[in-house]
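With full-length UniProt numbering applied, the sequence shown covers 1 to 396.
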Amino acid sequence: MSEPNASLPQELVDAIIDELYDCRSALLSCSLVSHTFVCRTRRYLFEVLRLSSHRSCRHYLKLTSQSTTSSHLPLFVKRVELRGGSHLHASQSLAHILLLVKNVEHLKLHDIQWIKFPRATKVALSSHSYRSISLKCTELPGFLSLSYLLEGSRQLQHLSIDRLTLPCTVACRPNVVSAYIDTLTVRSTDIDVLKGFISGSCGFFSLDRLQTLQYTIYWKGNGSVIRGNNDRASLKLLLHSLKSNLKHLHIIEKIYHAIPEMPQNLLPVDLDISCLHRLTIDLSDCNVFQDSTHAFCLLPRWISVLQNCPSSLLPKQIYICLTRVQSTTTQDFSVWSGLDDVLGLASVSLEITVRSSVVDEIPSVVDAIKSQLPMLCERGLVSFEMIGVFNGRPRT
């Protein structure tokens with residue numbers, strides 16, 4: 001092991017950091033092993049200003065204490081993440097450090113009540129030009145507050161909302177729209193809030209030029225009851241309202257708890273996907289059932305969606321991502337043949353990604369799917385990507 005003051009070849013340092021840049025604990029260990037890592041690792045170690053757990057508070061306090069002597073450190077911060085429950089949210093130091101981090105591009109508020117922030121903190125948060133904003137389990141008193149938060153973000157490209165609480169009674173309608181959002185991510189958000197976004201109640205930004213919509217549908221079971229209708233209705237509303245410029249629809253489907261065989265009449269088979277350039281179907285936990293009959297219960301509905309679309313208007317690129325797929329011994333893959341029937345003669349490209357921590361089983365899953373897609377395989381229109389997940393880190 002090297003001495004802390006030992007120098008290492010810069011090429012070796014660069015290669016190690018390029019591999020471990022997203023693993024903070026590994027970068028910290030490297031900087032303790034050799035001083036050669038210190039300058040390069042600081043860029044990543046201070047890239048995120050996070051206030052949530054006790055550990056992140058220590059990191060925040062370290063940044064604030066060192067910012068007086070090392071004024072360049074706050075400039076490394078590219079992302080600010082604030083989560084409810086921290087006593088530091090009400091401190092003057094938070095407002096101060098938020099004004100020092102000049103290069104912030106991403107903001108995430110999780111479990112936050114906007115009205116509880118001191119005015120100085122609100123001013124500091126609204127002073128940045130964010131490129132992306134994520135609002136999760138966050139409560140805003142109205143669209144006026146949202147417009148105030150986004151005041152400086154004229155280059156805003158991505159907005160993510162997840163269980164956002166936003167009363168729609170007070171609207172803010174300035175004369176000039178300052179930002180046109182390119183990508184919208186929606187999870188479990190009330191349909192009235194979405195109607196407010198579509199109608200332009202915020203005023204500051206517009207969805208008129210939206211190109212990518214990422215939408216998560218949660219199917220929750222309780223005995224014989226299936227809950228997912230709210231997500232379905234919201235998705236249909238968004239597609240109907242934003243269709244003119246939308247190029248990419250990315251649907252993530254998640255199943256929670258035990259669900260019986262899913263009735264097809266509950267599923268949105270009448271989604272209008274015509275004129276899309278790309279369709280991504282992400283079936284996360286797609287086989288939580290031990291019974292192979294239900295392993296791909298969500299796939300037939302998507303085959304129906306594709307069937308309902310004229311072949312000339314089908315998306316040119318279709319991606320299907322399967323996560324945590326079980327072995328071929330526990331699944332019935334015959335349902336995939338319906339996909340070959342619909343797309344086998346169409347002018348589309350199909351890419352299927354299989355992700356699993358059980359790496360040895362991935363090739364057999366791919367082979368089983370291939371056997372059901374003879375026409376697509378013969379025409380060379382289908383490709384496969386196999387991703388093994390090791391300790392939470394994907395490896396192709």
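Beta carbons: idealized from backbone N, C-alpha and C, even for Gly.
Buried versus exposed, by CB contacts within 10 Å (16 or more), residue i
| i | result |
| --- | --- |
| E378 | exposed |
| H240 | exposed |
| I115 | exposed |
| L313 | exposed |
| S93 | exposed |
| R119 | exposed |
| K62 | exposed |
| K102 | exposed |
| residue 438 | Outside the shown range of the chain (1 to 396) lies residue 438, about which nothing can therefore be said. |
| G142 | buried |
| L135 | buried |
Check: residue i C-beta below 7 Å from any heavy atom of the ligand FMN
| i | result |
| --- | --- |
| L299 | In terms of ligand content, the structure shown is empty, and the ligand FMN therefore cannot be addressed. |
For residue i, the nearest candidate out of the options (CA to CA)
| i | options | result |
| --- | --- | --- |
| P363 | C137, I387, L373 | I387 |
| Y215 | L339, H250, T353 | H250 |
| F204 | S178, H277, G85 | S178 |
| I318 | C275, D111, T183 | C275 |
| D162 | I133, S334, L49 | I133 |
| V359 | L140, T323, S383 | T323 |
| S127 | L140, L135, G152, G84 | G152 |
| H106 | S70, E47, Y60 | E47 |
| L238 | S337, S311, K195 | K195 |
| L159 | K236, Q113, L109 | L109 |
| I369 | A346, S337, I191 | S337 |
| D111 | H72, T165, F76 | T165 |
Rounded distance between the beta-carbons of residue j and residue i, thought under 8 Å
| i | j | result |
| --- | --- | --- |
| D157 | S129 | Checking the sequence, you will find Gln at residue 157 rather than Asp. At roughly 11 Å, the Cβ-Cβ gap does not stay under 8 Å, so Q157 and S129 are not in contact. |
| C57 | L88 | 6 Å |
| A124 | L149 | That pair is no contact at about 11 Å. |
| I255 | C309 | Contact doesn't hold; Cβ gap of about 25 Å is too wide. |
| V342 | V354 | The pair is not a contact, with the Cβ atoms about 20 Å apart (cut-off 8 Å). |
| E81 | R131 | Incorrect: roughly 15 Å between the Cβ atoms, too far for contact. |
Alpha-carbon spacing of residue i relative to residue j, whole angstroms
| i | j | result |
| --- | --- | --- |
| L210 | S199 | 14 Å |
| L339 | D332 | 14 Å |
| I226 | L271 | At I226, the pLDDT of 48 sits below 50, so the modelled position is not reliable; the number obtained from the coordinates is stated separately. I226 and L271: Cα-Cα distance of roughly 19 Å. |
| I352 | T189 | 29 Å |
| residue 406 | P74 | There is simply no residue 406 to check, as the chain begins at 1 and stops at 396 in what is shown. |
| N245 | D208 | 7 Å |
| L144 | P374 | 55 Å |
| S65 | H96 | 12 Å |
| G85 | V193 | 25 Å |
| S356 | I320 | 14 Å |
| T280 | R79 | 27 Å |
| S383 | V348 | 12 Å |
| H248 | S70 | 43 Å |
| F197 | F117 | 24 Å |
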